[in-house]
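A short write-up of the structure that comes next.
There are 2 protein chains.
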Amino acid sequence: MEHIDYTPWYISPKTKCLLSDYETEPTSKGWRSGSELEEHLADMGDKLDKLQSTLHAAKTRGLLVVFQGMDTAGKDGVIRSVFSHVSPLGVRAEAFGVPTELESRHDFLWRIHAKAPARGEMVIFNRSHYEDVLVTRVRGWIDEETCQKRYNDILHFESLLQDAGISVLKCYLHISKSEQKKRLQSRLDDQRKHWKLQPSDFGDRDLWPQFTQAYEEALSATSTPESPWYVVPADSKPYRDSFVAGLIVQTLDNMKLKMPKPSFDLSKVKLS
Amino acid sequence: MEHIDYTPWYISPKTKCLLSDYETEPTSKGWRSGSELEEHLADMGDKLDKLQSTLHAAKTRGLLVVFQGMDTAGKDGVIRSVFSHVSPLGVRAEAFGVPTELESRHDFLWRIHAKAPARGEMVIFNRSHYEDVLVTRVRGWIDEETCQKRYNDILHFESLLQDAGISVLKCYLHISKSEQKKRLQSRLDDQRKHWKLQPSDFGDRDLWPQFTQAYEEALSATSTPESPWYVVPADSKPYRDSFVAGLIVQTLDNMKLKMPKPSFDLSKVKLS
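Structure below.
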């Protein structure tokens with residue numbers, strides 16, 4: 001397989017990251033453009049489909065893909081584009097909203113753990129346990145000390161998954177504030193999307209610097225070689241989709257998955 | 001929307017059905033062929049996607065689609081083809097295999113009920129509670145009386161879902177014995193599929209008449225206008241996919257779903 005080096009978008013552990021160092025549009029760092037992106041996505045889609053079949057058959061490893069990002073960053077969009085290449089039987093998508101009354105009476109990882117992939121499974125999180133160190137932090141619902149403790153809880157939780165054969169791949173969908181404006185405007189213009197709009201979609205925008213800082217801290221504190229965070233340039237949708245598909249394919253490819261042997265001697269089968 | 005009359009493939013309640021009365025290939029009953037099928041599937045895929053969005057937004061109704069059929073009838077295949085048009089966030093696929101030790105210590109509907117759709121959800125069952133009146137019956141693990149009781153349990157269970165706004169649509173994928181032979185042979189020829197093969201895949205074939213009879217009884221006993229069984233001609237994959245997609249679209253269309261109103265006054269929004 002053609003090798004793409006995703007290192008420039010990987011957040012180094014224990015190094016304070018600055019999101020302003022990362023482009024939201026792919027310009028200087030090289031990569032495809034135009035119709036090449038479509039071809040690449042289709043190609044990665046095929047590979048993803050095959051790798052998922054082997055993951056399912058082998059049952060030795062599992063994969064959790066976490067998507068986070070500001071409102072309108074494209075979490076729903078990237079999930080639709082990338083995973084439409086895989087059978088619904090091969091992928092499970094879990095969305096985490098405001099915790100229910102029962103969920104909020106548990107520790108913050110309880111509802112998350114219940115939805116974790118088993119070996120053989122590929123699971124997508126649309127928002128995740130990271131909300132518990134992001135919106136909670138920005139809104140002042142938890143203090144600095146609790147937040148630091150939670151980073152540690154998250155590191156432990158993800159290494160528990162890793163020890164069970166589950167890889168965790170985390171994508172921060174990185175958009176600019178002006179791109180968000182365009183997208184919010186287009187939601188206001190599209191009547192089919194009105195029901196989904198909340199005052200907070202617009203209010204959170206005023207807290208852009210605070211959210212950026214909370215992300216920078218959380219990403220820096222929880223990116224590890226085993227459970228890496230990548231900053232995905234997400235102003236351009238075709239680029240974003242192609243980037244994410246390639247990243248997931250590479251992650252699965254690195255697992256060196258193998259089809260299991262048949263469970264009995266097939267040469268003895270006689271079809272009547 | 002163009003109206004297709006699916007009545008010829010609907011199993012009338014309380015009438016003993018004979019599967020030999022139904023074609024496995026679409027010949028005499030009219031319908032599309034060739035590239036028209038592809039176009040129809042793409043068209044239905046688009047409609048399904050839009051209807052699913054509205055189902056999710058409205059949260060007034062839910063849909064459960066059950067797939068049953070002999071080995072190699074195409075359950076996995078139809079799920080992949082039809083639902084690849086919908087975001088993984090909008091559909092949940094559940095496969096039911098041999099019950100676990102815990103599951104078999106519960107009543108047969110326990111594990112099924114736990115996976116039922118909520119209002120707003122579309123769920124696919126790849127095999128289902130119907131296995132508990134099919135393979136169990138053919139293998140003699142349950143007696144006639146238990147089987148009759150279970151038909152009744154199933155009718156009650158599905159009407160419970162119906163009362164909660166969940167429609168149940170049931171598809172029997174109807175293939176001929178000679179088509180099954182071809183498909184089993186092609187699995188023997190494809191090394192990537194070897195791991196999945198079980199001796200029972202070939203042994204069940206010798207029980208074709210017994211399985212057919214068990215299906216005929218179960219389908220007749222549990223088809224109702226609210227939770228209908230359809231016999232899907234499934235020897236041709238493009239026809240099968242197109243048929244099922246159209247049937248699901250029509251079921252959702254009949255719900256007359258409406259987008260909810262926005263939750264606040266959008267005219268007051270000012271984007272900074």
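Going line by line, the protein sequences match chains W and D. Under this note's numbering, the residues of the first sequence are numbered 1 to 272, in order. Under this note's numbering, the residues of the second sequence are numbered 1 to 272, in order. Even glycine gets a Cβ: it sits at the ideal position worked out from N, Cα and C. Small disclaimer: the values here were computed from a predicted structure and weren't measured.
Span of the beta strand (DSSP E) around serine 167/W
166-174
For isoleucine 166/D, which option in Arg187/D, Gly120/D, Thr24/D has the closest C-alpha, if you only look at C-alpha atoms? Gly120/D
*Please specify which runs of the alpha helix (DSSP H), each continuous and at least 4 residues long, are wholly inside the stretch 17-52 of chain W, giving them in chain order.*
none
- Query: Across which residues does DSSP place alanine 218/W in a beta bridge pair?
  - Reply: Note: alanine 218/W sits in no beta bridge, so no partner.
**Study point:** Under 9 angstroms (Cβ pairs) to chain W, residues found in the stretch 55-69 of chain D
**Key:** Ala57, Ala58
Hey, could you find the ends of the beta strand (DSSP E) glutamate 94/D is sitting in?
92-95
Would you say glutamine 68/D and tyrosine 172/D are within 7 angstroms of each other, going by their C-beta atoms?
-> yes
| request: Could you please tell me which residues of the stretch 113-147 of chain D, in chain order, have their CB closer than 8 angstroms to any CB of chain W? | output: Ile124, Asn126
Item to check | Option in Thr251/W, Asn254/W, Tyr230/W with minimal Cα separation from tryptophan 9/W | outcome: Tyr230/W
Could you check what DSSP says for isoleucine 248/D in three-state terms: helix, strand or coil? helix
inquiry  = Between Phe211/D, Glu38/D, Gly246/D, which has its C-alpha nearest serine 20/D's C-alpha?
reply    = Phe211/D
Query - Short CB-CB distance (under 7 angstroms) between alanine 73/D and chain W - result: no
Less than 7 angstroms separating the beta-carbons of serine 288/D and serine 84/W?
This structure cannot speak to residue 288/D, because chain D is shown only from 1 to 272.
Q.
So that I know if they touch, is there some Cβ in chain W lying closer than 7 angstroms to that of phenylalanine 202/D?
A. yes
Give the C-beta separation of glycine 77/D and lysine 237/D to the nearest angstrom, bearing in mind that I take them to be a contact with Cβ-Cβ under 8 angstroms.
6 angstroms
**Rounded separation between glutamate 217/W and serine 87/D - CA only** = 31 angstroms
Mind checking if tryptophan 195/D is an interface residue toward chain W, Cβ cutoff 7 angstroms exclusive? yes
Following the continuous alpha helix (DSSP H) through leucine 102/D, name the residue where it begins and the one where it ends. 101-104
- Quick one: list the residues of chain W neighbouring methionine 259/D, beta-carbon separation under 7 angstroms, in chain order. Arg192, Trp195
Check the Cβ-Cβ distances between isoleucine 79/D and every residue of chain W, and say whether any is below 7 angstroms. yes
Inset, instruction - Pick out whichever of Glu38/D, Gly45/D, Ala214/D has its Cα sitting closest to the Cα of valine 138/D. - result: Ala214/D
- Please look up how many angstroms separate the CB atoms of alanine 57/D and isoleucine 79/D, rounded, as I've assumed it's under 8 angstroms. No, alanine 57/D and isoleucine 79/D are not in contact; Cβ-Cβ is about 24 angstroms, not under 8 angstroms.
Using DSSP's beta-bridge definition, name the partner residues of phenylalanine 67/D.
Asn126/D, Cys171/D
Practice prompt. Note down the Cα distance separating glycine 203/D from glutamine 191/D, rounded to an integer number of angstroms.
Written response: 20 angstroms
* Among the residues of its own chain, which have a CB less than 8 angstroms from the CB of valine 249/W, if the five just before and after it don't count? -> Met1, Met44, Lys47, Leu48, Leu51
Legend entry - Pairwise C-alpha distance: leucine 41/W and arginine 240/W: 10 angstroms
Q. What does a CB cutoff of less than 6 angstroms around alanine 170/D pick up in its chain, not counting 5 residues either side in sequence?
A. One detail in the question is off: residue 170/D reads as lysine in this sequence, not alanine. The answer, listed in chain order, is Val66, Trp229.
Q.
On the criterion of 16 or more Cβ atoms from any shown chain inside 10 Å, does aspartate 265/W qualify as buried, or is it exposed?
A. exposed
### Query
Which residue's Cα is closest to the Cα of isoleucine 154/W: Arg205/W, Leu109/W, Leu252/W, Ile175/W?
Leu109/W
Q.
Please confirm whether alanine 93/D has its beta-carbon closer than 7 angstroms to some beta-carbon of chain W.
A. yes
**Prompt:** Below 7 angstroms between beta carbons: does that hold for arginine 72/D and arginine 183/D?
**Reply:** The question names arginine, but residue 72/D is threonine in the sequence shown. Cβ atoms of threonine 72/D and arginine 183/D: closer than 7 angstroms.
Rounding to the nearest angstrom, what Cα-Cα distance links glutamate 226/W and leucine 89/W in this structure?
26 angstroms
Problem set entry | Residues that proline 88/D contacts on chain W, provided the C-beta gap is smaller than 7 angstroms | Ile79, Phe83, Pro88, Val91, Ala93, Ile124
Taking a cut of 9 angstroms between CB atoms, which residues from the stretch 214-227 of chain D lie near chain W? none
Fill in: Boundaries of the beta strand (DSSP E) in which tyrosine 230/D is found, first to last residue
229-233
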